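Those sequence lines, one after another, are chains F and L.
With our numbering as the guide, the letters of the first sequence map in order to residues 1 to 175.
With our numbering as the guide, the letters of the second sequence map in order to residues 176 to 816.
Accompanying notes for the structure given below.
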Amino acid sequence: MDLSSDHFALFGLPTNYAVDLALLGERYRDLQRDFHPDRVANKSEREQRLAVQYAGMINAAYEALKSPLFRARYLLQLSGRQDQSQTTTIGDHDFLFQQIDLRERMADIGAAPDPHHAYSELESEAEAKLLAQQNLFAQQYAAGDLDQAEHSADKMQFFSNLLNQLQAIEDTLDD
Amino acid sequence: MALLQISEPGQSPAPHQRRIAVGIDLGTTHSLVATVRSGSAQTLADENGEHLLASVVHYSGDGTVLVGAAAAEFAASDSSNTLVSVKRHMGRAAGDTASAYGSGQLQSSSGGNNAEGSEGSNSAEGSASGMVKFETVAGLISPVQASAQILMALAARAESALDGSLDGAVITVPAYFDDAQRQATKDAATLAGIKVLRLLNEPTAAAVAYGLDQGAEGVVAIYDLGGGTFDISILRLNRGVFEVLATGGDSALGGDDIDRALADYLCGQAGQPVLDDLSRQRQWLIEARRVKEVLSDSDLVEASVDDWRGEVSRDQLNTLAKPFIAKTLRACKRALRDAGIGKEVAEIGNVVLVGGSTRMPLVRQQVAEFFALEPLLSIDPDRVVAVGAALQADVLVGNKPGDEMLLLDVIPLSLGIETMGGLTEKIIHRNTTIPVMRAQEFTTFKDGQTAMAVHVVQGERELVSDCRSLARFELRGIPPMLAGAAKVQVSYQVDADGLLSVSARETATGVEARIDVKPSYGLDDGEITRLLQDSYEHAREDMGIRALREQQVEADRLIEDLSAALAAQGKALLDEDEYHCLDVGLQELAAVRKNSEDHRQLQSEIERLAHLSETFAARRMDTAIKKAMTGHRLEEFEGPV
Chain F
1 MDLSSDHFAL FGLPTNYAVD LALLGERYRD LQRDFHPDRV ANKSEREQRL AVQYAGMINA
61 AYEALKSPLF RARYLLQLSG RQDQSQTTTI GDHDFLFQQI DLRERMADIG AAPDPHHAYS
121 ELESEAEAKL LAQQNLFAQQ YAAGDLDQAE HSADKMQFFS NLLNQLQAIE DTLDD
Chain L
176 MALLQISEPG QSPAPHQRRI AVGIDLGTTH SLVATVRSGS AQTLADENGE HLLASVVHYS
236 GDGTVLVGAA AAEFAASDSS NTLVSVKRHM GRAAGDTASA YGSGQLQSSS GGNNAEGSEG
296 SNSAEGSASG MVKFETVAGL ISPVQASAQI LMALAARAES ALDGSLDGAV ITVPAYFDDA
356 QRQATKDAAT LAGIKVLRLL NEPTAAAVAY GLDQGAEGVV AIYDLGGGTF DISILRLNRG
416 VFEVLATGGD SALGGDDIDR ALADYLCGQA GQPVLDDLSR QRQWLIEARR VKEVLSDSDL
476 VEASVDDWRG EVSRDQLNTL AKPFIAKTLR ACKRALRDAG IGKEVAEIGN VVLVGGSTRM
536 PLVRQQVAEF FALEPLLSID PDRVVAVGAA LQADVLVGNK PGDEMLLLDV IPLSLGIETM
596 GGLTEKIIHR NTTIPVMRAQ EFTTFKDGQT AMAVHVVQGE RELVSDCRSL ARFELRGIPP
656 MLAGAAKVQV SYQVDADGLL SVSARETATG VEARIDVKPS YGLDDGEITR LLQDSYEHAR
716 EDMGIRALRE QQVEADRLIE DLSAALAAQG KALLDEDEYH CLDVGLQELA AVRKNSEDHR
776 QLQSEIERLA HLSETFAARR MDTAIKKAMT GHRLEEFEGP V
């Protein structure tokens, strides 16, 4: 069976952007209780190798549904949309100016009087914008507007990348 | 070597016979072995009642090897033949460890041409395969070989205490160990003839010991400061499942560093010049450690080396230790953020202290302040890791069927690949739950390009030169095509021990060029085989007999597994031909198992049957997964909405 065929079915959840994360976690742990390599540590090597494959697939499915960004991408993929995020361009000028502004402020963190404060301020702002974008995605996806939903997913990607880079900068602040 | 009891040919071992499994904490300064007896895990003592085995190995010219306290007696007097803190060098090249030690006053007595600044360490040189080796009277000794001696001493202790041969061991490693360091640890176990049931992260082991002891639930932080390594792990405990949310640390930061800072300080007080003599360095280090330990309970202590006498106060020690502790707290902050609870320290229900260095009052105080929680210390911080490992070993070896305990761990450092311009592209990010498989597609950049170099690296930095290089290999035989037309899929797989294997294949043309690489460090397979042979000749054991026993154990397992599976599901999942084919295969393997004395023949029979049964195994897994899925669908229909 191709486990990647439907992650939602694997965890017994409705195919939806809103996910009960506590329930997802519970189902995930239940599956790993049965399929993790530790369960067959005393069996033949062949069984152990197979368990590594299955546990790995369950982990991948869990990761795809747990993260709001990956979940959005996965839903688009289930709807027949190819992931174009590597090559996509965004034509929304307001959004682009906002990104440029955020990135300029990110570049200035190191020089701020209180870099830690500047960091948390920018982080909170980016997180709030990411959350707003997620809510927008949920509405667009529910309404069947896949084109708009795809744009929202691309924008979520921008904020997510920004947050990753911010964290990398924070790591260097103390050292 | 871990062997199941060999039953008469054709008979499987009794199903519920208790197997002998231990947990081993292979530490920088000392090591322990523990096992589960009468339902509780306990560390095992040597004949003198000592539980801690000093991680010190002494080599003599006559071939005698001493381990533990007996070896430690030579630390200062015969320093070049006495290896200490070898864990710091596991999976490391000669140059790697130098920077981690900082520039202190004490310098290495560099006998060779290698000016490594590792204070108090033996003179070391890089081997052909890259890993550091130490010059001793018994020849060049790698950290893997020295670690194997420590493991053998612990295995011997366990076998005599438990009155039987070991079936397997769980060996702990710092959570922050990279792939090279993990592989080196596994190599050491292979060399010691120990079957590794699992490499287990030290903080996870500690969480198991505490979690099972106290029935804890919720999020816990494990702060583990040992002699040479620091780990912080954040876990969620949920009905027997220990899920690591994030881990962080420094595999070259520990109590040793504080000892060195204190030794430097003492030398300064004594007006000592730079010490270039290894045994003098050891003298000051030994005194520094003693002073540090006494200061955990008193405010002032007298120090003396040779004719010099002085005093050290706890405040002075704290000043020296503070920068190291600050470094650990920064790693804690990062781990909390990676776990997704950066701003919610209050979510942490418990903080557990592990490792001898957490005995320092300053460490306890600062950790308590950081997490705003009084840390748990009810289990001896020196023993808690071994105890947790023993509990896991007991489950893995099959002594507790139906047990709910499950450990879900993560990789500590991202795994990536070198791309154009010496940049790292991450393929698996740090703190991803293992096991994990991930593939990425790459293409050729020149017309007619028929080979592609793959360079596997580990670390967080963008430049390949700042990451650890794990393996390099070339995929050859790509059919000549236009640039960008070939599709090379590079697949990374990390198993439950946290060990990586990599493969690559060209997918566009259907022409399969494939190579599998398992990075190995310090010792290549040939070297391991040679060392094993040496040790057998020494012990007058026959390598062939041992290999045969190993294959017999594997054959018995396969026969047992497959017979049971065929009886349970064979009729349901296989058609008549398939069933017959496996049935015949089983009988053939049983016949070879019974009659053959040739381990190679037995091995190839095992592989043949395992291969034949692959489809059946996959169908059984599918059925089980479908059943699990149907299970929760039913709940949904029946349960309240």
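In this text, a Cβ means the ideal position worked out from N, Cα and C, and glycines have one as well.
Owing to the predicted nature of the structure, the values given are computational and were not obtained by experimental measurement.
Nearest neighbour of residue i, chosen from the options [CA to CA]
i      : options                        : result
P378/L : G524/L, D622/L, T422/L, Q320/L : T422/L
V669/L : D578/L, Q624/L, V767/L, L374/L : L374/L
T684/L : S676/L, L675/L, M656/L         : M656/L
R613/L : D171/F, E63/F, L136/F          : E63/F
D490/L : V476/L, D557/L, N525/L, T619/L : V476/L
E123/F : Q165/F, F11/F, P14/F, A51/F    : Q165/F
V759/L : Q776/L, D773/L, A785/L, L748/L : A785/L
G524/L : F648/L, T204/L, V395/L, D578/L : V395/L
S213/L : A547/L, F791/L, A506/L, N574/L : N574/L
L329/L : Q389/L, V208/L, S532/L         : V208/L
R464/L : L511/L, D362/L, S532/L, A628/L : S532/L
V240/L : A521/L, L495/L, A323/L         : A323/L
L102/F : D114/F, G91/F, E127/F, P113/F  : E127/F
Rounded C-alpha distance that separates residue i from residue j
i      : j      : result
G368/L : Q358/L : 15 Å
S553/L : L645/L : 39 Å
N161/F : R411/L : 26 Å
S182/L : R193/L : Confidence at S182/L is low in this model, with a pLDDT of 40, below 50, so its placement is unreliable and the value that follows should be read with caution. Cα-Cα distance, rounded: 15 Å.
Q776/L : I720/L : 13 Å
Q624/L : K662/L : 12 Å
R33/F  : E579/L : 7 Å
V242/L : H205/L : 11 Å
G577/L : K43/F  : 15 Å
L219/L : L227/L : 9 Å
R81/F  : A149/F : 11 Å
F158/F : L741/L : 52 Å
L65/F  : V416/L : 20 Å
V538/L : T682/L : 54 Å
D354/L : K361/L : 11 Å
L859/L : F617/L : In the structure as shown, chain L starts at 176 and stops at 816, and residue 859/L therefore has no counterpart that could be examined.
The ligand NAD heavy atom lying under 7 Å from the CB of residue i
i      : result
F546/L : What this structure holds is no ligand at all, so the ligand NAD is not there to describe.
Whole-number beta carbon distance between residue j and residue i, since they are thought to touch under 8 Å
i      : j      : result
Y398/L : V542/L : 5 Å
Q320/L : L366/L : 7 Å
T607/L : V585/L : 6 Å
R267/L : V307/L : 6 Å
L674/L : H36/F  : Not quite, the Cβ-Cβ distance comes to about 16 Å (not below 8 Å), so this is no contact.
W459/L : V487/L : Going by Cβ atoms, the distance from W459/L to V487/L rounds to 13 Å, so no, they are not a contact pair.
Short CB-CB distance (under 8 Å) between residue i and chain L
i      : result
S180/F : In this structure chain F extends from 1 to 175, so residue 180/F is not present and cannot be described.
E121/F : no
N16/F  : no
Y110/F : The sequence as given places Gly at residue 110/F; Tyr does not occur at that position. It does not: the Cβ of G110/F has no partner Cβ on chain L nearer than 8 Å.
K129/F : no
L21/F  : no
E45/F  : yes
Y141/F : no
Y54/F  : yes
R29/F  : yes
Chain-ordered chain C contacts of residue i [CB-CB under 7 Å]
i      : result
T608/L : Absence of chain C from the displayed structure is noted, the protein chains being F and L.
Other residues of its chain near residue i: CB distance less than 8 Å, five sequence neighbours each side excluded
i      : result
G185/L : Note that G185/L scores a pLDDT of 41, beneath 50, so its modelled location is shaky; the value from the coordinates is reported in the next line. Answer for G185/L: A765, R768, K769, listed in chain order.
A384/L : A216, I554, V559, V560, V562, G563, L566
D221/L : L228, G243, R332
N413/L : E392
Within-8 Å CB hit, residue i to chain F
i      : result
M796/L : yes
E486/L : no
D431/L : no
E649/L : no
V416/L : yes
L581/L : yes
V383/L : no
A367/L : no
Own chain partners of residue i with C-beta closer than 7 Å, once the 5 adjacent residues on each side are dropped
i      : result
S152/F : Q133, L136, F137, Q140
R263/L : T203, T272, G403, A427
S471/L : R534, M535, P536
V197/L : V208, A209, T210, A333, L341, A344, A565, A568
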